[in-house]
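UniProt numbering numbers the first residue of the sequence shown as 1 and each following residue consecutively.
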Amino acid sequence: MLMRSYWCNSRVSIFCRKLKEGKYTYLIKLMPRYDGDYILNPAKAEMMYFPVFYGRDEMKKVSVK
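Set out below in structure tokens:
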């Protein structure tokens, strides 16, 4: 699996050449700047040339202390 990742304007993009069927986990380190409770937007995966095929995760709550 060839993979590239980019970080730009509070968005992370990960590109993979081929993915076999299954579950994948990507860890992205975040820098906490302010204490509080936040909601993370859902992760989205889509095919580059066929964006009608996509999947989304659910929104998640995060607490920074």
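Beta carbons: idealized from backbone N, C-alpha and C, even for Gly. Predicted model only: the values in this text are computed from it and were never measured.
ARG11 and LYS65 have their C-alpha atoms spaced approximately 23 Å apart.
When the five nearest sequence neighbours on each side are left out, the beta carbons in the same chain lying within less than 7 Å of the beta carbon of GLY55 are those of ALA45, in order along the chain. Here ILE39 has MET59, LYS60, LYS61 and VAL62 as same chain residues with Cβ atoms under 8 Å from its own Cβ, once five neighbours each way along the sequence are excluded. Straight across, the Cα-Cα distance linking PHE50 with PHE15 is about 14 Å. Annotation: the UniProt domain "Bacterial alpha-2-macroglobulin MG10" (10-51) contains the following complete segments of the beta strand (DSSP E) (minimum length 3 residues), in chain order: 11-16, 36-40 and 44-46.
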